[in-house]
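Heads up: the sequence shown runs through residues 6 to 51, numbered per the numbering used here. Where a beta carbon is used, it is the ideal one built from N, C-alpha and C, also for glycine. This report refers to the structure that appears directly beneath it.
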Amino acid sequence: KRLRAFYDKKREEGKLYKVAVIACVNKLLHWIYAILKNRTTFQDIA
6 KRLRAFYDKK REEGKLYKVA VIACVNKLLH WIYAILKNRT TFQDIA
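Here's what the structure looks like:
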């Protein structure tokens, strides 16, 4: 849900589809890296 909201926000800012999708992929990579670095489990707040 948070990722979808992020995508929708980028589209509302006027970003192209591909740019918005790549921004979401980048956010996912940051989340995955943080999970692996901290050795924690993923907990979706939404």
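Using a 10 angstroms sphere on the CB of Ala10, the tally of other CB atoms stays under 16, which defines it as exposed.
Taking a 10 Å sphere around the C-beta of Lys14, we find fewer than 16 other C-beta atoms and assign the residue as exposed. DSSP places Lys6 in the coil class of the three-state scheme, outside both helix and strand. In the structure shown, Asp49 falls within a coil segment according to DSSP collapsed to helix, strand and coil.
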